[in-house]
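Going line by line, the protein sequences match chains D and U.
Numbered per our numbering, the first sequence spans residues 264 to 601.
Numbered per our numbering, the second sequence spans residues 1023 to 1370.
So the structure is just underneath, and the comments pick up after that.
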Amino acid sequence: MFAYVIRRLFIGAMLLVLMSLVTFVLFFASPVDVGRYACGKNCSPAQIEQTNKALGYNEPVVQQWTDFLRGVVAGREYPNDPALREKAPQLVSSCPAPCLGYSVVNSSTVNAEIKEAFPVSLSLALAALVIWVSGGVIFGVIAAVRKGTIIDRGIVALSLIFYAFPAFFIGLFLLKFLAIKWEVVPIPEYTPIAEGGVGLWLQGLFLPALTLALLYMAGYVRMTRAFVLESMTEDYIRTARAKGLKRRPVLIKHSMRAALTPLVTLIGLDFAGLMGGAIITETVFNYNGLGKLAVEANQTYDLPTIVGLVLLLGTFVIIANIIVDVLYAVIDPRVRVG
Amino acid sequence: MSSFLSVRDLKVHFPTVDGVVKATDGLSFDLEKGSTLGIVGESGSGKSVSSSAILGLHRRTSAIVSGEILLDGVDLLKVSDEEMRRRRGKDVSMIFQDPLSAMHPYYTVGNQIGEAYRVHHDVSKKVAKARAVEMLDRVGIPQPDRRVDDYPHQFSGGMRQRAMIAMGLINNPSLLIADEPTTALDVTVQAQILDLLQDLQREFESAVIIITHDLGVVAEMADDVLVMYAGRAVEYGTTKEILTRPEMPYTWGLLSSIPEVGGDPNAALIPIPGNPPSLLSPPPGCMFHPRCTFQHLVEGDKCETELPDLVPGSRSETHLKRCHIRDSYLVYEQEVLPQIAPDLVEER
């Protein structure tokens, strides 16, 4: 199992290198003159060239890419100019490994940007995860057990409705009515645990997490329902009933345990994706998470930030995949090696 | 004094959007303690559905079960769901075919066998596990104290079926239903499993219903045989009567389709022509008539219009048949037997 994880990590690292190359190529394939954009509207051609040089945009794409990779491994300095460093070291900012780049737009390293935005996205993803998994599994199981009744149809119909609405609609709807009109909850604002404690942290997260959760929960209700119903037709469920087991142990010990396997995969991948930022929800609630950072980086052609975020999200998804595979072995003894 | 298990006019109907599927339609039989009944028939003839009804496994929402199932004088169809659950696995238990899918892949064999014990006895997990080890030993699993912690996929097919039997017998049930217990196993293992079942039956004195489509299993195990076709009994009698003097063309067909050990390897098997009928709209008259090659022996169109009753044939009061052909055993001896076992005819 250990060797397997090591092998998977190695393949994952290769994949990340490839992803970074693709991101670079795609970025420079766009018709936008990046230097001109970074310099501003009133720049002369000479100034644009100077900007390009300072940012390294005048180098060939492959050169920029290898510089970036070297920075990830060994760290680098901005601008990369030994002469300037001799003369005026205060003008050079260093970016220690793993350096994901320096964002001129925000005048800070990408690492610092991510460090600031990541807790927001992680908090949001965690809070949403708890709501949607518990809600999705509970309602999904209820619908499966009451299959064909009004309760089942109600749950399925309701989840379809939430599934059909876009995130910004649910988000704005909740914000408008729960927070602004009826004042049931305060207007959400992210407060780190260090500043406001767990209480304020949770309060700030409630609406955006609920928005995200409603969206995901809809799918989980339907999938849990399907998985439980499917496992209920298995022969081993009939065996369990033939033993004289009561309904509840048949459902929980035998049926739900089997339905857990596919759910774990979905949860792992969805959570990994969300850790990389919930673009629409963060924008609606004005949360400075990774999603909002990504949107801004794209609007300002901020290459270092874009590459950094792509790689971060890629890392999350790759690691989540490995964790899910290891969990499989924990859940299903048939998968265990040896 | 009625018998230990007495099934009377058992009907299991499944209402569907297309109409009512009459999977079992008026089945009656008796079984004494310590004896074995073999239920034989093709797939879809209602064997498994009927036995599931004895265990009360059909959900009220999907099946309509009627008739009487008297076990030791108690009608299992009249007791409450909770009472039935308490009897399941304790008074009546069942062994399923294909033990790989019948056991939960995520739990150890010991856990699953012990669970069957713990449902009906208020004991700790440790005691239940010790009991599981005991049962595994009894059904002939080597090193039971170690194998008890294995998962089903780590067992061989034969061992899994032994484990299933251990699970079925752990509460010492008075009635054991074995639903095609050897179908998924290879032939040498089949014989071992059948021997084991017979030993255990003697030891526990339980009544056994063995469901199979293999007449070899029936010959080996059963005291009585019930042949089912399209949800109804078509022939019912002692094993000897059914196997040596069958009176119903369907049973003849079953016997004709068995290859003969030591016989001519090139001899063609004689299959029953056609397919089992739809249980949604069974043919009028005798259900078997569309596939029957002996209709010319019955005058008029009786076979197509009139369902024969299950009545004693011409030779014995206990041997029941559902067929319009008069003195049908003579037809078997003169027409069918010479075709399927000519050497046997010469001996006679």
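For each residue, glycine too, the CB sits at the ideal point set by N, CA and C.
- In the displayed model, F331 of chain D falls within a helix according to three-state DSSP.
- Within the region 1270–1334 of chain U, the alpha helix (DSSP H) runs of at least 4 residues that lie entirely inside it are, in chain order, 1271–1278 and 1324–1327.
- Residue pairing for S366 of chain D: DSSP places it in a beta bridge opposite D:S371.
- Only Y499, I500, R501, T502, A503, R504, A505, K506, G507, L508, K509 and R510 from the region 499–510 of chain D bring a Cβ to less than 9 Å from some Cβ of chain U.
- When Cβ-Cβ separations below 8 Å define contact, A521 of chain D makes contact with chain U.
- Close to chain D, meaning a Cβ-Cβ distance shorter than 7 Å, are the following residues of the region 1129–1158 of chain U: E1137, A1138, V1141 and H1142.
- Relative to A388 of chain D, the option among D:I424, D:G411, D:K350 and D:I542 whose CA is nearest is D:I542.
- Here A1075 of chain U is buried, its C-beta having at least 16 other C-beta atoms within 10 Å.
- Identification of residues in the region 1081–1112 of chain U having a C-beta nearer than 7 Å to some C-beta of chain D yields R1107, R1108, R1110, G1111 and K1112, given in sequence order.
- Of U:S1102, U:S1278, U:S1178 and U:V1240, the smallest CA-CA separation from S1057 of chain U is found for U:V1240.
- D1331 of chain U has a beta carbon lying at 8 Å or more from every beta carbon in chain D.
- For E497 of chain D, the chain U residues whose Cβ falls inside 8 Å of its Cβ are S1123, in order along the chain.
- Sequence-distant Cβ neighbours of G554 of chain D in its own chain, meaning closer than 6 Å and more than five residues away, are G540, A541, I542 and E545.
- In the structure shown, C306 of chain D adopts coil according to DSSP, grouped into three states.
- Boundaries of the beta strand (DSSP E) around A1255 of chain U: R1254 to T1260.
- Contact between the region 1203–1212 of chain U and the region 1227–1236 of chain U is present: three or more C-beta pairs spanning the two stretches fall below 8 Å.
- DSSP lists U:T1058 and U:L1198 as the beta-bridge partner residues of V1230 of chain U.
- Listed along the chain, the chain U residues whose CB falls inside 9 Å of the CB of I594 of chain D are Y1128.
- A buried status is given to P471 of chain D, since no fewer than 16 other beta-carbon atoms sit within 10 Å of its beta-carbon.
- R597 of chain D has a beta carbon lying within less than 8 Å of a beta carbon in chain U.
- For the pair V1247 of chain U and T1260 of chain U, the Cα-to-Cα distance works out to about 6 Å.
- With the criterion set as a beta carbon lying under 7 Å from some beta carbon of chain D, the members of the region 1157–1184 of chain U are Y1173 and H1175, in sequence order.
- In this structure, H1035 of chain U and V1029 of chain U do not form a Cβ contact; the two beta carbons are roughly 16 Å apart against a cut-off of 8 Å.
- Secondary-structure assignment with DSSP links F1036 of chain U through a beta bridge to U:V1043.
- A contact is defined here as three or more CB-CB pairs under 8 Å, and the region 1099–1115 of chain U fails this definition with respect to the region 1161–1169 of chain U.
- Looking at the DSSP output, I1117 of chain U bridges to U:A1200.
- The residue among D:Q326, D:V461, D:G482 and D:L572 with its C-alpha nearest the C-alpha of S397 of chain D is D:G482.
- When secondary structure is reduced to three states using DSSP, Y1139 of chain U falls in the helix class.
- At least one beta carbon of chain D lies nearer than 8 Å to the beta carbon of L1077 of chain U.
- One Cα belongs to M1270 of chain U, the other to S1065 of chain U, and the distance between them is close to 18 Å.
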